[in-house]
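Numbering (the numbering used here), first residue to last: 4 to 152.
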């Protein structure tokens, strides 16, 4: 099991950051290597179920994400199903200047990806991916594109 966790200060209020990340298509716009989001279905808890394609080590990995926790303006938790399994937890905290967004991921990788790259390389890759995602969200709001356009 691999874990990665990081936080970023976003120059926007919690409601705007939550609304931006509440649209699964925006995840594809800010998450490196997330190539496609499709078949989005709203769940009774307010969350979503969707299919995705993620590219790692030259492989396209298809799977499903189910949002198990949807607490408006506070928290989103996603369960990854398929060849990638695990959870992603996003927490939103108001700050004086905007929002503190924390991204915590815990997951297992397909054996061939781990074998091809080696555990230390995969661990560093995952940490960089979390940081890059947070930076991309922050940049969307800095450029005024946080409305998802």
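Note that the Cβ used here is the ideal one computed from N, Cα and C, for glycine as well.
For clarity, every value in this text was computed on a predicted model and none was experimentally measured.
Requested in this report: Give every residue of the same chain whose Cβ lies closer than 6 Å to the Cβ of residue 91, excluding the five residues on either side of it in the sequence, and list them in chain order.
Outcome: Residue mapping note: residue 91 aligns to position 88 of the chain shown, counting from 1. Cβ within range, chain order: 81, 108.
Query raised in the report: Whole beta strand (DSSP E) runs in the region 58–122 with 3 or more residues, listed along the chain?
Result: Within the region 58–122, the complete beta strand (DSSP E) runs of at least 3 residues are 62–74, 78–85, 88–98, 101–111.
Query raised in the report: So, is residue 25 buried or exposed, given that buried needs 16 or more other C-beta atoms within 10 angstroms?
Result: Along the chain shown, read from residue 1 onward, the residue named residue 25 stands at position 22. Under a 10 Å Cβ-count criterion, residue 25 is classified as buried, with 16 or more other Cβ atoms of the shown protein chains found around its own Cβ.
Report task. Kindly identify the DSSP beta-bridge partner or partners of residue 9. Result -> Indexing the chain shown from 1 puts residue 9 at position 6. Note: residue 9 sits in a beta bridge opposite 106.
Query raised in the report: In whole angstroms, what separates the C-alpha of residue 152 from that of residue 6?
Result: Translated into positions along the chain shown, residue 152 becomes position 149. Translated into positions along the chain shown, residue 6 becomes position 3. Bear in mind that a pLDDT of 41 at residue 152, under 50, signals an unreliable position, so the number given afterwards is only what the model happens to contain. If I take the Cα positions, the gap works out to 31 Å.
Query raised in the report: Looking at the structure shown, is residue 151 part of a helix, part of a strand, or coil, going by DSSP?
Result: By 1-based counting over the chain shown, the position of residue 151 is 148. Note that residue 151 scores 41 on pLDDT, short of 50, meaning its location in the model is unreliable; the coordinates nonetheless yield the value given after this. Correct three-state label for residue 151: coil.
Query raised in the report: Of the residues 63, 68, 56, which one's Cα is nearest the Cα of residue 46?
Result: For this step, residue 46 is matched to residue 43 along the chain shown. If we check each option's Cα against that of residue 46, 68 comes out closest.
Query - First through last residue of the beta strand (DSSP E) which encompasses residue 15 - result: If you number the chain shown from 1, residue 15 lands on position 12. Per DSSP, residue 15 lies in no beta strand (DSSP E) segment and is marked neither H nor E.
**Report entry** Residues sharing a beta bridge with residue 172, DSSP
**Finding:** Past the edges of the chain, shown from 4 to 152, lies residue 172, and the structure says nothing about it.
Query raised in the report: If we count the other Cβ atoms within 10 Å of its Cβ and call it buried at 16 or more, is residue 63 buried or exposed?
Result: Within the chain shown, residue 63 is the residue found at index 60, counting from 1. Classification for residue 63: exposed.
**Report entry** Proximity to residue 38 [Cα-Cα], best of 51, 16, 66, 85
**Finding:** Residue 38 sits at position 35 when you count from the first residue of the chain shown. Residue 66 is the option with its Cα nearest to residue 38.
Query - Range covered by the alpha helix (DSSP H) that runs through residue 27 - result: Stepping through the chain shown from its first residue, residue 27 is reached at position 24. Per DSSP, residue 27 belongs to the alpha helix (DSSP H) from 27–33.
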